[in-house]
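Number of protein chains: 2
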Amino acid sequence: MSEPNRIRVVIVDDHDMVRRGLAAFLKAKADLELAGEARNGKEALLVCEEVQPDVVLMDLVMPEMTGAAAAKLILERCPNVQVIALTSFQERELVQEALEAGAISYLLKNVSAEELAEAIRAAHAGRPTLAPEATQALIQAASEGPRPGHDLTAREREVLALMVEGLTNPGIAERLVVSRSTAKAHVSNILSKLGVSNRAEAIALALQHKLIT
Amino acid sequence: MSEPNRIRVVIVDDHDMVRRGLAAFLKAKADLELAGEARNGKEALLVCEEVQPDVVLMDLVMPEMTGAAAAKLILERCPNVQVIALTSFQERELVQEALEAGAISYLLKNVSAEELAEAIRAAHAGRPTLAPEATQALIQAASEGPRPGHDLTAREREVLALMVEGLTNPGIAERLVVSRSTAKAHVSNILSKLGVSNRAEAIALALQHKLIT
DNA sequence: AGCGAAATCCCCCACATGGCCGATGCCACC
DNA sequence: GGTGGCATCGGCCATGTGGGGGATTTCGCT
Numbered sequence: 000m001s002e003p004n005r006i007r008v009v010i011v012d013d014h015d016m017v018r019r020g021l022a023a024f025l026k027a028k029a030d031l032e033l034a035g036e037a038r039n040g041k042e043a044l045l046v047c048e049e050v051q052p053d054v055v056l057m058d059l060v061m062p063e064m065t066g067a068a069a070a071k072l073i074l075e076r077c078p079n080v081q082v083i084a085l086t087s088f089q090e091r092e093l094v095q096e097a098l099e100a101g102a103i104s105y106l107l108k109n110v111s112a113e114e115l116a117e118a119i120r121a122a123h124a125g126r127p128t129l130a131p132e133a134t135q136a137l138i139q140a141a142s143e144g145p146r147p148g149h150d151l152t153a154r155e156r157e158v159l160a161l162m163v164e165g166l167t168n169p170g171i172a173e174r175l176v177v178s179r180s181t182a183k184a185h186v187s188n189i190l191s192k193l194g195v196s197n198r199a200e201a202i203a204l205a206l207q208h209k210l211i212t
Numbered sequence: 000m001s002e003p004n005r006i007r008v009v010i011v012d013d014h015d016m017v018r019r020g021l022a023a024f025l026k027a028k029a030d031l032e033l034a035g036e037a038r039n040g041k042e043a044l045l046v047c048e049e050v051q052p053d054v055v056l057m058d059l060v061m062p063e064m065t066g067a068a069a070a071k072l073i074l075e076r077c078p079n080v081q082v083i084a085l086t087s088f089q090e091r092e093l094v095q096e097a098l099e100a101g102a103i104s105y106l107l108k109n110v111s112a113e114e115l116a117e118a119i120r121a122a123h124a125g126r127p128t129l130a131p132e133a134t135q136a137l138i139q140a141a142s143e144g145p146r147p148g149h150d151l152t153a154r155e156r157e158v159l160a161l162m163v164e165g166l167t168n169p170g171i172a173e174r175l176v177v178s179r180s181t182a183k184a185h186v187s188n189i190l191s192k193l194g195v196s197n198r199a200e201a202i203a204l205a206l207q208h209k210l211i212t
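Listed in order, the protein sequences are those of chains A and B. Just so it is clear: in the first sequence, position 15 is 14 by numbering that gives the first Met the number 0, and no numbers are missing. Just so it is clear: in the second sequence, position 86 is 85 by numbering that gives the first Met the number 0, and no numbers are missing.
Written as structure tokens, this is what we have:
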């Protein structure tokens, strides 16, 4: 059934129509072969262990298990697999997460069939492919330096979360069962570390940069 | 080429693979026919005016022109068309926007081929189809009542935006070239209308509910 | 013409805030 | 065994905050 030199590809996406479109892409290429499909991370893991593909096209945002987590597990158990992240989003966080999980490439879903095929062949040969937008996100992340709030201690994050809830210093003190002085000291340190001058800015910055869980 | 009784469908999506998957869906149904494709709102408008389809499958988030805006324009110029919103997102705002723009149905991209075909036939007959998640979003929006901040005046919104920027009352007064009393009065009214007791809560609420532009 | 909503301004006051000084334990790391 | 980071506490003080009272003008709608 499978010819020796074809690249065996597994598709992971929770949308039937996307899997179907990708399958059509693959079928049109003589050197590519659809080895399996999965609609979430858990299925992907099982399928990959079973069919031992060369390349996995992995959507990142899926129910049950995120693509990055699935990629990590797959790469642990099947080190010969190359995972290509294939998603609609170009958020810095997603890109970093996917690449840290071991994905060799990061493509956006607006790729053409030709680009996708080339990326699959490249991945199979161990060469990475990055969508321009993903590259952009990475260099932006690098040039921005560590994001604000990186040096907050655990306690300070805790206090920041309470500030976002609208608690006053006395309120924070009561909630954490410490003195007002302590709460105030934490808040002052937070303001200083975030480089802002009042709690309003701190709250805005925390929410806009998602510093709190 | 086109048989008389087949439902003529136009696909609008910026992702090649999705269009390809949808095209495969349609081809598998004897009573459905792919009448045209477009990769953004502007193209969709042109294609619809040209081919005069029965149903349009419309992605909502696209470059160039949002799906809702495109739907509105298409329905103005081609009143006989039925637009089905087809997207990955179930945000209340997107659902409302799409339906207000005149879409008859709202489906998520995880629909099966069968469900999609049935929704297309229903739309062609004038019957709407709502994904359960979309329905959920609507009843939630209805039960929540008007969202907080609905009764803010234009000036108050302006002040709220400055609060989010971290400005103090004197700072707001200076920026708006009014007295501190006025700025303070606006802030007090905002806190009262939002049902919160300090500006920290107001800022958190404004950001979490996107009350500011 | 009248009414109400909105925006503008004033005073007072209790409290919170944020910056500044300082201090004490604790724990990890070198 | 010191050194430094962290959490904890105290006081002082200028300023900001939020609620209370009231007041005016302008504008639109009835």
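Ideal Cβ placement from N, Cα and C applies to all residues, glycine included.
Note on geometry: alpha-carbon atoms of Ile211 of chain A and Pro52 of chain B lie some 48 Å from one another.
Straight-line spacing of the CA atoms in Asn109 of chain B and Leu33 of chain B works out to 20 Å. Across the structure, Ala199 of chain B and Val9 of chain A are spaced so that their CA atoms are roughly 49 Å apart. When the Cα atoms are used, Glu42 of chain A and Val60 of chain B turn out to be separated by approximately 28 Å. In the DSSP annotation of this structure, the continuous segment of the beta strand (DSSP E) that includes Glu32 of chain A starts and ends at 31-37. The beta-carbon of Asp58 of chain A is placed no less than 8 Å from the nearest beta-carbon of chain B. A check of alpha carbon separations from Ala141 of chain B across B:Met162, B:Glu92, B:Leu21 identifies B:Glu92 as the nearest.
Contacts between Asn109 of chain B and chain A, judged by CB atoms closer than 8 Å, involve Asp13, His14, Asp15 in chain order. Secondary structure remark: continuous alpha helix (DSSP H) runs of at least 4 residues inside the region 164-209 of chain A, in chain order: 168-175, 179-193, 198-207.
Only Gly20, Leu21, Ala23, Phe24 from the region 20-39 of chain B bring a Cβ to less than 7 Å from some Cβ of chain A. When 7 Å is used as the limit between beta carbons, Ile202 of chain A is near these residues of chain B: Ala199, Ile202, Ala203, in chain order.
Within chain B, no residue has its beta carbon less than 8 Å from that of Ala67 of chain A; the closest one is some 18 Å off.
A check of alpha carbon separations from Ala112 of chain B across B:Glu164, B:Val17, B:His208 identifies B:Val17 as the nearest. At least one CB of chain A lies nearer than 8 Å to the CB of Thr167 of chain B. Using a CB distance cut-off of 8 Å, Gln207 of chain A counts as an interface residue toward chain B.
At a Cβ-Cβ threshold of 8 Å, Val55 of chain B and Cys47 of chain B count as neighbours. Residue burial annotation: Ser187 of chain B is exposed, with fewer than 16 other C-beta atoms found within 10 angstroms of its C-beta.
For Gly66 of chain A, the CB contacts under 6 Å within the same chain, skipping 5 residues up- and downstream, are Met57, Asp58, Leu59 in chain order.
The beta carbon of Ala112 of chain A falls within 8 Å of a beta carbon belonging to chain B, placing the residue at that interface.
Residues of the same chain with a CB within less than 8 Å of the CB of Leu72 of chain A, apart from the 5 flanking positions on each side, are Gly40, Leu44 in chain order. Assigned with DSSP and collapsed to three states, Ile103 of chain B falls in coil, not helix or strand. Taking 8 Å as the threshold, the shortest C-beta distance from Val176 of chain A to chain B does not fall below it. Straight-line spacing of the CA atoms in Ser178 of chain A and Leu166 of chain A works out to 15 Å. Under the Cβ distance rule, Val163 of chain A counts among the residues neighbouring chain B, one pair being separated by less than 8 Å. Within the same chain, Cβ atoms closer than 7 Å to the Cβ of Leu98 of chain B are found at Tyr105, the five residues on either side in sequence being excluded. Cα atoms of Ala22 of chain B and Gly125 of chain A: separation of roughly 33 Å, rounded to the nearest angstrom.
Secondary structure in the region 55-126 of chain A: the alpha helix (DSSP H) runs of 4 residues or longer, each lying completely within the stretch, are 66-76, 91-99, 112-123 in chain order. Remark: three or more beta-carbon pairs, one from each stretch, lie closer than 8 Å, so the region 81-90 of chain B and the region 118-137 of chain B are flagged as touching. For Val195 of chain A, a Cβ of chain B is located within less than 8 Å of the residue's own Cβ. The continuous stretches of alpha helix (DSSP H) do not include Ile6 of chain A, which lies in the beta strand (DSSP E) extending over residues 6-11.
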